[in-house]
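**Student:** First, the structure itself, so that you have it in front of you.
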Amino acid sequence: MRWLLAVCAALVVAPAASAAVPNPCTLLTNAEATKLLGTRIVARELTGSPVYRLCRWSGKNVALAGSTQHVQRTLMVSVARVTRAQFEENKTKAPKTTGIGGVGEAAYTLSQGGTKYLNVWHRGFTLELVATFVTAPLDVEKQAAAAAVKRL
Numbered sequence: 005m006r007w008l009l010a011v012c013a014a015l016v017v018a019p020a021a022s023a024a025v026p027n028p029c030t031l032l033t034n035a036e037a038t039k040l041l042g043t044r045i046v047a048r049e050l051t052g053s054p055v056y057r058l059c060r061w062s063g064k065n066v067a068l069a070g071s072t073q074h075v076q077r078t079l080m081v082s083v084a085r086v087t088r089a090q091f092e093e094n095k096t097k098a099p100k101t102t103g104i105g106g107v108g109e110a111a112y113t114l115s116q117g118g119t120k121y122l123n124v125w126h127r128g129f130t131l132e133l134v135a136t137f138v139t140a141p142l143d144v145e146k147q148a149a150a151a152a153v154k155r156l
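If you want the working numbering, it's the position in the sequence shown, counting the first as 1, plus 4.
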């Protein structure tokens with residue numbers, strides 16, 4: 005998450021003309037998020053600023069396989085306006101990145117602190133997606149990104 009905060013801090017200095025970013029909560033429907041998380045959505049929260057916005061869908065608590073412990077599955081989608089050059093520069097500066105094809109115009113995964121993030125660049129925007137407590141996080145993130153870029 006520190007990496008995300010560093011990227012967001014860098015984006016705050018973006019020119020005012022680039023301030024308009026879409027509401028990430030409109031890039032996926034609750035029905036799509038429900039399907040991706042495999043559980044009913046109990047909360048959707050929008051946070052951020054004019055240059056960086058994040059939407060978090062939280063699912064109903066579910067039991068971990070083979071355990072009595074319950075967890076809340078979440079899907080977070082952030083959006084910010086960046087140039088392709090900035091996106092590529094962020095990729096080279098980030099630790100442990102892997103290029104991903106078939107999502108947006110460019111994409112890579114980033115591993116930090118045991119969490120993988122999917123970063124996608126499409127039409128002047130960067131999307132960062134994180135799915136937690138799901139069976140195949142990268143698959144969920146890729147499906148969410150594919151739906152989201154259609155609405156950018």
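Ideal Cβ placement from N, Cα and C applies to all residues, glycine included. Predicted, not measured: the structure shown is a model, and the values here were computed from it.
#1: So, at 7 Å on beta carbons, what are the nonlocal neighbours of C68 in its own chain, with the 5 sequence-adjacent residues on each side left out?
#2: Comparing C-alpha positions only, which one of N27, T101, L40 sits nearest to S62?
#3: In the DSSP assignment, the alpha helix (DSSP H) including Q90 goes from what residue to what residue?
#4: Which residues in the same chain as G42 place their Cβ atom closer than 6 Å to its Cβ, once the five residues preceding and following it in sequence are excluded?
#5: Closest to L156 by C-alpha separation, out of T96, L79, V124, would be which residue?
#6: Run the CB neighbour count on L50, radius 10 Å, all protein chains shown included, and call it buried at 16 or more, exposed below.
#7: What's the call for T113, buried or exposed, on a 16-neighbour Cβ count within 10 Å?
#8: Between A148 and L58, is the Cβ-Cβ spacing less than 8 Å?
#9: With a CB to CB cut of under 8 Å and the five nearest residues on each side skipped, what residues in its chain are close to E36?
#10: Do F91 and T130 have their C-beta atoms closer together than 8 Å?
#11: Check N27 in the structure and name its three-state DSSP category.
**Tutor:** The short version:
#1: Within the sequence shown, numbered from 1, the residue matching residue 68 stands at position 64. One point to set straight first is that residue 68 is Leu, not Cys, in the sequence displayed. Exclusion of the five residues before and after L68 leaves V75 as the residues of its chain whose Cβ lies within less than 7 Å of its Cβ.
#2: Your numbering for residue 62 matches position 58 in the sequence shown. Checked all of N27, T101, L40; the closest Cα to S62 is L40.
#3: Reading the sequence shown from its first residue, position 86 is the one you call residue 90. Here the alpha helix (DSSP H) through Q90 covers 88-97.
#4: For the purposes of this step, residue 42 is taken as the residue at position 38 of the sequence shown. Cβ-Cβ distances below 6 Å link G42 to nothing in the same chain once the five nearest sequence neighbours on each side are left out.
#5: Reading the sequence shown from its first residue, position 152 is the one you call residue 156. Residue V124 is the option with its Cα nearest to L156.
#6: Position 46 of the sequence shown, counting from 1, holds the residue named residue 50. L50 is exposed by the Cβ-count criterion.
#7: By one-based count along the sequence shown, residue 113 stands at place 109. With 16 or more Cβ atoms within 10 Å of its Cβ, T113 is classed as buried.
#8: Here residue 148 refers to the residue found at position 144 when the sequence shown is read from its first residue. Here residue 58 refers to the residue found at position 54 when the sequence shown is read from its first residue. No, Cβ-Cβ distance for A148 and L58 is not below 8 Å.
#9: The count along the sequence shown starts at 1 and reaches residue 36 at position 32. Answer for E36: A148, A151, listed in chain order.
#10: Walking along the sequence shown from the start, residue 91 turns up at place 87. Walking along the sequence shown from the start, residue 130 turns up at place 126. In contact: F91 and T130 (Cβ atoms closer than 8 Å).
#11: For this step, residue 27 is matched to residue 23 along the sequence shown. Three-state DSSP puts N27 in coil, outside helix and strand.
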